[in-house]
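All remarks here apply to the structure that follows.
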Amino acid sequence: MVFDPDQDPEEKRAVRQNYRSLTKKIEEHRGNPNDFTTEELLSQVHKADELFDKVKGPQEATLDSHLLLMASNMGAQKARAMKSGSGAFDVDDFVSKLVQFMGGQKTLEDALPEDSDGEEMQDSSSPLDWDRIGRKAMAKSRRVPAMGFMLGPLSIEQKKRAPAKRSKLEKNKEDERKPQELKEEDITRSENETTKNVAILETLLEDIGTVNIFKFVINPNDFAQSVENIFYLSFLIRDGKVAFETQDGEPVIFLCGQPDDADYEGGLKKRQMVLEFDMATWKACQKFLPARVSG
Numbered sequence: 001m002v003f004d005p006d007q008d009p010e011e012k013r014a015v016r017q018n019y020r021s022l023t024k025k026i027e028e029h030r031g032n033p034n035d036f037t038t039e040e041l042l043s044q045v046h047k048a049d050e051l052f053d054k055v056k057g058p059q060e061a062t063l064d065s066h067l068l069l070m071a072s073n074m075g076a077q078k079a080r081a082m083k084s085g086s087g088a089f090d091v092d093d094f095v096s097k098l099v100q101f102m103g104g105q106k107t108l109e110d111a112l113p114e115d116s117d118g119e120e121m122q123d124s125s126s127p128l129d130w131d132r133i134g135r136k137a138m139a140k141s142r143r144v145p146a147m148g149f150m151l152g153p154l155s156i157e158q159k160k161r162a163p164a165k166r167s168k169l170e171k172n173k174e175d176e177r178k179p180q181e182l183k184e185e186d187i188t189r190s191e192n193e194t195t196k197n198v199a200i201l202e203t204l205l206e207d208i209g210t211v212n213i214f215k216f217v218i219n220p221n222d223f224a225q226s227v228e229n230i231f232y233l234s235f236l237i238r239d240g241k242v243a244f245e246t247q248d249g250e251p252v253i254f255l256c257g258q259p260d261d262a263d264y265e266g267g268l269k270k271r272q273m274v275l276e277f278d279m280a281t282w283k284a285c286q287k288f289l290p291a292r293v294s295g
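Here my numbering is used: the first residue of the sequence shown is 1, the next is one more, and so on.
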């Protein structure tokens, strides 16, 4: 098919009308395909082939594909309804005739001898003549049958998977340590120690006055002690008992009057600050702050 957008409209209209006419004829016999002969179906397909030579657009090509689809479905229905001869293939009848051809079972007339009156039947238990049917088959096919092989060995020995034994880890009971159990009195004692240390810092600030925050909290000989001093000082700053300011570029702390509700209503606001203090900062401060103040 060659696409031609400038195809004559009258020609396109005639092609579409012919396709619809062919499609309608097949649709009329869709319910009963036996009324539509194979010759008529083949004639419809040939007419569609002739019309396809005039197809120049996608719409007409769609009509052509729809017609061929319906014709193929109709042909499939007629193929499924086909029968061999006048009736369906009878396997039992075929086997019976095949045995008779090889000299096995015989009909009643052939089994009776000429001088018999029908009361006695001759015993026919002769073996089947397979060579006779073989010669018949040889006339139709001379292909030598190929030998087939079994896939895999005749006997397979299934391998038994030995269970993996895992050695248990033997722990030394002397090295085992039981986790420390915290009791209510331990928590109370810890809270009391925190309150006590906060009060000690408040007393020291009252004696010292305004002081550099690092000079006050850092213990140059104990990093953990310095961290605890900052922790206890944070409670005093949170409660408003200690002020933290910068004077002449130096961070200082000093005691102050704790604000009340009236101060907050007058516009006083709380501010939060995060103080970064690690091992490197502690070591740097050791060179400039040799004094030790215990909290």
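Beta carbons: idealized from backbone N, C-alpha and C, even for Gly.
Computed from a predicted structure; not experimentally measured.
Check your understanding: For residue 245, does the count of other Cβ atoms within 10 angstroms reach 16, so buried, or fall short, so exposed?
Key -> As a first step, residue 245 must be located in the sequence shown, where it is residue number 245. Counting C-beta atoms within 10 angstroms of its own C-beta, residue 245 has fewer than 16 neighbours from the protein chains shown and is therefore classed as exposed.
Check your understanding: Counting along the chain, where does the beta strand (DSSP E) carrying residue 253 start and finish?
Key -> The residue you call residue 253 lines up with position 253 of the sequence shown. Start and end: 250 to 255.
**Study point:** residue 239 versus residue 281: straight-line alpha-carbon distance, rounded
**Key:** Against the sequence shown, residue 239 aligns to sequence position 239. Against the sequence shown, residue 281 aligns to sequence position 281. In this model, residue 239 and residue 281 are separated by some 26 Å (Cα to Cα).
Review point. When DSSP labels each residue in this structure, what does residue 23 get in the three-state scheme?
Key: Counted from its first residue, the sequence shown places residue 23 at position 23. The DSSP-derived three-state label of residue 23 is helix.
**Study point:** Status (buried if at least 16 other CB within 10 Å, exposed otherwise) for residue 60
**Key:** Here residue 60 refers to the residue found at position 60 when the sequence shown is read from its first residue. So residue 60 counts as buried.
Check your understanding: If you compare alpha carbons, which of 101, 26 and 204 is closest to residue 78?
Key -> The residue labelled residue 78 in the question sits at position 78 within the sequence shown. When 101, 26 and 204 are compared, the shortest CA-CA separation from residue 78 is found for 26.
**Study point:** CB contact flag (residue 18, residue 47, <9 Å)
**Key:** For the purposes of this step, residue 18 is taken as residue 18 along the sequence shown, with counting starting at 1. For the purposes of this step, residue 47 is taken as residue 47 along the sequence shown, with counting starting at 1. Cβ atoms of residue 18 and residue 47: closer than 9 Å.
**Study point:** Separation of residue 100 from residue 94, as counted between CA atoms
**Key:** The residue you call residue 94 lines up with position 94 of the sequence shown. The residue you call residue 100 lines up with position 100 of the sequence shown. Their Cα atoms are separated by approximately 10 Å.
Review point. Excluding five sequence neighbours on each side, which residues of the same chain lie with their C-beta closer than 6 Å to the C-beta of residue 129?
Key: The residue given as residue 129 occupies position 129 in the sequence shown. Around residue 129, the same chain offers 102 and 103 as residues with beta carbons nearer than 6 Å, after the five sequence neighbours per side are excluded.
Check your understanding: Taking the alpha-carbon positions, what's the residue 202 to residue 287 distance?
Key -> Here residue 202 refers to the residue found at position 202 when the sequence shown is read from its first residue. Here residue 287 refers to the residue found at position 287 when the sequence shown is read from its first residue. If you take the alpha carbons of residue 202 and residue 287, they lie about 26 Å apart.
Check your understanding: Is the closest heavy atom of the ligand GTP to the C-beta of residue 15 under 8 Å?
Key -> By its list of ligands, the structure shown contains no ligand whatsoever, and the ligand GTP lies outside what it can speak to.
Check your understanding: Counting pairs of beta carbons, one from the region 215 to 232 and one from the region 255 to 269, are three or more of them closer than 8 Å?
Key -> Verdict: no, contact absent.
Review point. What number of angstroms, rounded off, separates the C-alpha of residue 177 from the C-alpha of residue 250?
Key: Start at 1 with the first residue of the sequence shown, and residue 177 comes out as number 177. Start at 1 with the first residue of the sequence shown, and residue 250 comes out as number 250. About 48 Å.
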